[in-house]
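A short worksheet on the structure shown next.
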Amino acid sequence: MTDSNSHIGRRSYLKLAGGAAASAALAGCTGGGDEEETTTAAEETTTETGGEETTTSTPEESTEPFNVTITQGQMPSGLDPQDHRETPTDIVVLHAYDGVLTRDATGAMQTALATNYERIEGENAVRFDIREGVTFHNGEELTPEDVAFSINRVVDEDVSFASPQSDQLAGVASAEVIEGENAVKVNNSSLNPIVFSEFATYLDVMQQSWVEGNSKAFISQNMNGTGPFKLDSYTEDEEVVLSRYEDYWKEPAAVETLTFRAASEASTRVNQLLQGETDVIVNVPPQEVQRVNNNENTRVAAAPSTRIIYNAMRYDVEPFDSVKFRQAMNYAIDLESIVQNVLGGFGAQTSQPTLPEFVGHNEDLDPYPYDPEMAEQLVEESGYAGAEIELNTPVGRYLKDLEISQAVAGYIDELPNVSASVRQRDFGSLVDELLAGSIEERPHWFLIGWGEATFDGGLVMTALLSSEGLLTTWQNEEFDSLLEQAGNQSGDERDATLQEANTLAHEECPWIFLNQQFSVYGVNDSIAWEARSDERIDAYDMSLK
Amino acid sequence: MSLSRFLIKRSLQGLFVIWGVITVVFGLRFISPGDPANVLLPPDVDPEVRAQVIAELGLNEPLYVQYWEFISGIPFGDLGLSLVTRTPVASRVVTKLPATLELAIAATIVAVIIAIPLGVVSATRRHEPADYGATVFSLVGISTPNFWLGVMLILVLAVQLNLFPTSQRPIGIDGILLLVLDGDLGAAADGLGTWLWHITLPAITLGTYFTALITRLTRSGMLDQLGRTYVRASRAKGLPETLVRYKHVLRNTLIPVITVIGLQLGTLIGGAVITEAVFAWPGLGTLIINSINARDWPVLQGSLIVVAVGFVLVNILVDALYAYVNPQVAYD
Amino acid sequence: MISERTIRNLRRELNRSFLAKIGIAVVVLIVAMAIFAPFISPYSPGQQNLENARQPPLGFSTKETKEVTKMDNGSVVIEDGQVVTETQTVYTNASVAHPLGTDGNGRDILSRIIYGARTSILVGLFGTSLAALIGVLVGLSAGFYRGRVDDLLMRGADIMLAFPSLVLAIALVGVWGQAQAPIPDPFVVSGIAPAFRSAIGLSTGMPDTIVLPGTVIVVVALVNWVWFARVARGEALSIREEEYVKAARALGASDGRTVLRHVLPNAITPILVLATIQVAAIILLESALSFLGFSGADVSWGFDIALGRQYQSTAWWISTMPGLAIVVTVIGLNLVGDWLRDALDPGIEGEGGV
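Same order as they appear, the protein sequences are chains X, E and C.
So that you can map any letter, position 319 of the first sequence is 319 in full-length UniProt numbering, and since no number is skipped, the others follow by simple counting.
So that you can map any letter, position 329 of the second sequence is 329 in full-length UniProt numbering, and since no number is skipped, the others follow by simple counting.
So that you can map any letter, position 243 of the third sequence is 243 in full-length UniProt numbering, and since no number is skipped, the others follow by simple counting.
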């Protein structure tokens with residue numbers, strides 16, 4: 001059995017696509033005041049050129065070489081940083097390629113290849129000042145032309161190819177060099193309030209002459225970036241070996257050789273960690289945690305992720321068209337027990353569509369308590385006693401997805417007046433149905449996960465619960481108007497509106513609220529490293545303990 | 001019919017089967033639910049981009065054009081491009097072949113080394129404890145699903161006792177050969193050790209069914225031969241018993257055994273697929289399963305073609321050898 | 001069809017062979033277990049108890065002192081990106097309530113094995129029947145008409161044979177996805193089983209449907225019919241030359257009638273022997289597909305082995321027990337197959353294991 005996320009993309013297409021689509025939606029309807037605030041705040045801390053050091057310091061006189069091996073669930077699909085949509089690939093290529101902006105471990109925005117970023121007054125455009133003295137791994141210097149080219153390569157299909165990442169820079173129309181200055185101007189098709197957020201999460205800068213001088217096949221087998229590690233060797237489906245880039249524009253990394261491998265079975269990864277064959281492994285399942293903890297040289301690192309796991313119930317079909325029935329489903333399950341026993345505690349109970357770390361989270365909402373009598377009574381009142389329902393679930397896509405589904409259906413099946421079963425679905429065909437244009441084509445009841453790298457509850461609710469949402473299974477006028485209202489607000493006002501929307505969702509139960517997923521890693525004790533909440537593994541932040 | 005005519009006829013039949021295989025595999029894509037473009041593209045991508053990619057992949061061509069494109073490249077080793085990595089399928093399949101082949105060969109060697117002596121002992125000591133032991137072993141061996149055997153071996157020998165690694169193939173025979181060519185014999189010896197350490201459990205897992213099968217065949221073949229008149233005649237002539245048994249009897253027993261091994265190649269490859277899944281062995285089986293999970297149909301199609309064509313070729317080879325060794329039986 | 005001589009041979013072989021008796025006993029036991037699952041299963045196969053997950057089988061209770069993650073409100077406690085642990089003494093106790101232990105969701109393994117027998121037996125029987133139907137039809141036509149029909153059908157069979165059956169099955173199920181047909185369980189729907197259970201004090205709430213894995217049945221038949229076709233063809237080829245068949249045709253009997261009256265009855269013995277071996281092979285194939293997660297079956301031995309794999313370091317019994325069930329069943333079927341083969345000596349071969 002494969003563990004969570006082991007197939008094509010650790011971030012599912014769903015997540016990425018949804019995040020991007022939702023960002024685009026937001027770009028169309030917000031005034032974007034709070035984004036400005038973030039920008040200024042970020043500028044204050046990061047505008048002094050080249051001054052910002054990360055928390056890691058290189059051990060001065062370390063005699064033994066510090067090599068790190070990271071084992072993921074799967075290998076990168078290729079090394080072209082602009083031609084993929086998967087976290088495992090991202091994690092590898094981000095060591096060799098930098099963006100103009102980046103994020104720290106807590107998700108706060110930071111500068112990278114840009115030393116300064118600002119909106120250009122009176123235009124739907126932004127400006128990035130490019131850092132000087134940065135070199136690519138082939139020794140040549142980074143120019144603003146390279147940055148503009150990289151942006152255009154993503155957003156403009158006429159520049160080299162149609163990048164699957166074009167929607168990650170939704171709202172960005174083109175980029176050009178500002179004549180006579182070491183800066184790039186990015187033109188947006190509208191105000192695009194989330195443009196800096198997009199650049200902090202996405203866009204890897206490549207060298208124009210290197211891209212144009214080499215074939216597409218060569219580019220997907222080789223790397224030439226400005227990042228802290230350069231490529232030594234790449235064996236497709238087996239390993240990627242990187243070594244420290246000594247001329248990095250910050251301090252060179254502490255890690256000398258960095259190797260990426262893959263093992264799709266979680267138990268295999270754990271065994272490799274315990275046998276010292278690897279130093280960091282992803283997705284340690286709950287049942288393996290003890291083994292990692294009780295081994296002398298290894299420990300477990302974890303962080304709440306930005307992914308929420310939920311059960312959608314279609315509002316337009318029997319029996320889920322009854323609010324009472326939907327509420328009953330939430331009362332019927334012992335969520336605390338599912339989190340503790342199925343997930344081994346590696347998850348947090350949810351009470352609303354918005355996660356605690358996100359904008360719009362309502363702290364006053366508690367998860368539904370386990371109350372089977374109440375559930376039974378609500379089912380009676382709903383008029384759907386005797387209903388037979390079937391839960392569609394992916395297998396091995398999310399942490400314990402099948403086990404969670406079986407537990408949920410098991411609890412509901414225990415109600416004397418409802419019978420529930422689980423139907424395992426091939427992820428591809430399930431996604432096909434979920435993405436079908438209309439609500440009518442979606443399964444009546446399904447488990448799915450949704451990650452949102454932008455930490456914004458509004459985006460989650462728009463994509464998953466608004467009438468026009470990409471994956472929606474619900475239609476509620478009051479909810480729609482709250483989201484619309486939030487779209488025209490900023491700061492605390494918007495937060496309050498989103499909280500209200502969360503309260504409504506909590507009461508109306510378009511979902512069975514399940515868990516926030518945790519990212520769980522196994523780490524060799526000799527390495528100092530903290531888990532990040534955005535699923536990235538940054539070897540530049542690793543040091544010897 | 002002469003040998004050469006037989007071979008020509010057999011090759012033509014083989015060609016027909018290969019064409020059939022390719023056509024069946026081509027047809028697979030049309031019975032699969034879902035749009036292949038959905039594998040490639042995020043669902044909310046611009047419709048124009050989607051149309052462009054579909055055109056690039058030739059998915060909007062008429063069926064016969066697609067069929068021709070598919071089939072015409074194959075003789076030149078062109079199996080198309082992977083939907084996910086967009087690299088040539090042929091090179092991905094070829095890089096996986098050594099791992100699967102060495103696993104299959106290792107399993108066959110394990111099977112032959114254990115099974116033939118076991119079968120002989122079992123036949124020559126009929127109704128003694130050794131015979132019962134061998135019979136029970138072979139019965140259990142052919143009845144055990146090899147994936148479960150693999151899981152149990154990992155459970156006991158790797159997880160509990162830590163004697164073997166649970167999975168992976170850090171180095172292959174191909175890699176070891178390269179080291180030898182480089183003249184780095186020390187590294188090659190290390191590599192060989194690592195390789196043996198890693199391949200032991202998968203080879204036992206895959207080989208057990210064949211060990212059991214060949215033990216059975218050897219035993220029954222041997223018993224059959226021992227009862228024949230020429231054996232009694234040889235004994236009567238005063239030939240030493242060991243010579244009778246091991247020279248004449250065993251030789252005659254082995255011909256059908258080897259034929260069956262040839263016939264069971266398909267089972268061996270099928271077994272390799274699931275063994276690879278259990279041990280994360282990076283061969284064709286892993287590639288096939290991953291390509292199904294990723295809905296990367298070209299890779300699945302390419303792997304199927306390579307497996308099936310390889311199987312047909314090996315069968316022709318086995319037939320030819322058989323015809324050469326045993327002319328009067330072979331031609332039907 | 002089945003002559004007295006045949007029955008005599010079967011008897012004689014059965015009396016001679018101890019193993020044949022064991023085989024028949026095992027097969028009868030497993031089939032009975034599958035049929036009467038709603039009466040004898042201690043619990044419903046889906047009935048969970050999360051607080052009682054991963055309980056060991058009888059005789060395997062443990063007590064260990066180890067590092068355990070600290071919990072708060074059901075979730076682990078995280079500080080600075082690291083998981084906080086504390087040392088605790090942990091007891092895992094076996095109980096008679098679950099003699100073979102419980103799985104990751106606290107479901108009773110014995111009950112799942114009993115219900116899993118249904119999936120295996122159903123797929124084995126239906127898959128083999130369908131394969132036999134296709135194969136016999138193709139084989140008899142090929143052998144009876146010979147010439148072009150024979151060439152065409154047998155080259156088709158060669159194409160099928162070029163694919164290793166497991167590989168082809170994986171590809172077909174992978175491509176098609178899983179279709180399942182729930183059929184009502186007569187014992188539960190009629191109320192007999194629930195009444196019986198409450199009378200002897202067993203828990204009620206057994207599933208009222210049997211899930212028939214449709215795609216898997218079709219696929220295992222599609223990859224295995226060739227063996228039947230070969231046997232049927234061989235028989236047809238030899239029988240059509242018999243004088244009485246020639247005579248029947250000369251007297252103007254239609255082809256269909258000739259095949260039904262004269263050819264098929266003579267081919268039935270080797271086909272039956274082959275079918276016995278094929279049930280075993282198909283059960284193995286189904287378990288392999290389920291193990292890989294391609295069958296969609298929720299209660300299946302192969303699938304439970306796969307589910308148990310993730311617990312191999314902490315709860316070995318979850319994947320061990322269903323595997324033993326497969327081995328015992330397949331041994332039983334193989335012994336019955338050996339018995340039939342020895343008694344009837346049809347001289348056939350067929351692809352076996354997985």
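Ideal Cβ positions, reconstructed from N, Cα and C, are used throughout, including at glycine.
It should be emphasised that the depicted structure is a prediction, and the values quoted were computed from it without experimental measurement.
Residue pairing for Asp456 of chain X: DSSP places it in a beta bridge opposite X:Val359. By the neighbour-count definition (other C-beta atoms within 10 Å, threshold 16), Glu242 of chain C is an exposed residue. At a cut-off of 8 Å between beta-carbon atoms, Asp366 of chain X makes no contact with chain C. With a threshold of 16 other beta carbon atoms within 10 Å, Asn297 of chain X falls short and is exposed. One thing to note: Asn105 of chain C has its Cβ within 8 Å of the Cβ of Ala407 of chain X.
Listed along chain C, the residues sitting closer than 7 Å to Phe16 of chain E by beta-carbon distance are Arg155. Our two residues, Ala294 of chain E and Pro394 of chain X, have alpha carbons roughly 13 Å apart in a direct line. Cβ contact annotation for Asn295 of chain X (same chain, cutoff 7 Å, sequence separation greater than five): Leu274, in chain order. Between Val83 of chain C and Trp225 of chain C the beta-carbon gap is near 54 Å, outside 8 Å, which marks them as no contact. A residue is called buried once 16 or more other Cβ atoms fall within 10 Å of its Cβ, and Gln516 of chain X is buried on that count. The DSSP-derived three-state label of Ser305 of chain X is strand.
With respect to the 8 Å criterion, Phe210 of chain E and Leu157 of chain E are not classified as neighbours on the basis of their beta carbons. For Asp108 of chain C, none of the residues of chain X pass the 8 Å Cβ criterion, the least Cβ distance being about 12 Å. Residue ranges of uninterrupted alpha helix (DSSP H) with 4 or more members, entirely inside the region 59-100 of chain E and ordered along the chain, are 63-73. Boundaries around Ala387 of chain X are those of the beta strand (DSSP E), 387-394, since no alpha helix (DSSP H) includes it. The beta-bridge partner set that DSSP reports for Val76 of chain C consists of C:Met71.
For the pair Thr275 of chain E and Val327 of chain C, the CB atoms are not nearer than the 8 Å cut-off. Considering only X:Gln72, X:Phe66, X:Pro416, the residue with the shortest C-alpha distance to Ile537 of chain X is X:Gln72. In the structure shown, Arg54 of chain C falls within a coil segment according to DSSP collapsed to helix, strand and coil.
Around the beta carbon of Asp204 of chain X, 16 or more other beta carbons sit within 10 angstroms, so the residue counts as buried. Taking a Cβ-Cβ threshold of 7 Å, the residues of chain E close to Glu238 of chain X are Pro282, in chain order. Proximity to Gln352 of chain X across X:Glu251, X:Glu288, X:Glu500, X:Phe518 peaks at X:Glu500, based on C-alpha coordinates. Burial check for Asp480 of chain X: the Cβ neighbour count within 10 Å reaches 16 or more, so the residue is buried. Thr135 of chain X sits in a strand when the DSSP states are folded into three classes. Against chain C, the CB of Gly221 of chain E has no partner CB under 8 Å away; the residue lies outside that interface.
Within 9 Å of the CB of Val408 of chain X, no CB atom of chain C is found; the nearest one sits about 10 Å away. For Ile274 of chain E, the secondary structure class from DSSP, reduced to helix, strand or coil, is helix. Between Met206 of chain X and Gln221 of chain X, the alpha-carbon positions lie close to 14 Å from each other. Interface annotation, Gln301 of chain E: not in contact with chain X, CB-CB separation never under 8 Å. If you ignore the 5 residues before and after Gln264 of chain E, its C-beta comes within less than 8 Å of the C-beta of Phe210, Leu213, all in its own chain and listed in chain order. When the alpha-carbon of Gly221 of chain E is set against those of E:Leu179, E:Leu250, E:Leu239, E:Phe311, the nearest one is in E:Leu250.
Val180 of chain E and Ile173 of chain E have their C-alpha atoms spaced approximately 10 Å apart. In the three-state scheme derived from DSSP, where H, G and I count as helix and E and B as strand, Gly207 of chain E is classed as helix. Closest in alpha carbon position to Glu236 of chain X, among E:Ala308, E:Leu153, E:Gly283, is E:Gly283.
Within chain X, the C-beta atoms nearer than 9 Å to that of Ala53 of chain C come from Asn341, Val342, in chain order.
The beta carbon of Met321 of chain C sits no closer than 8 Å to any beta carbon of chain X.
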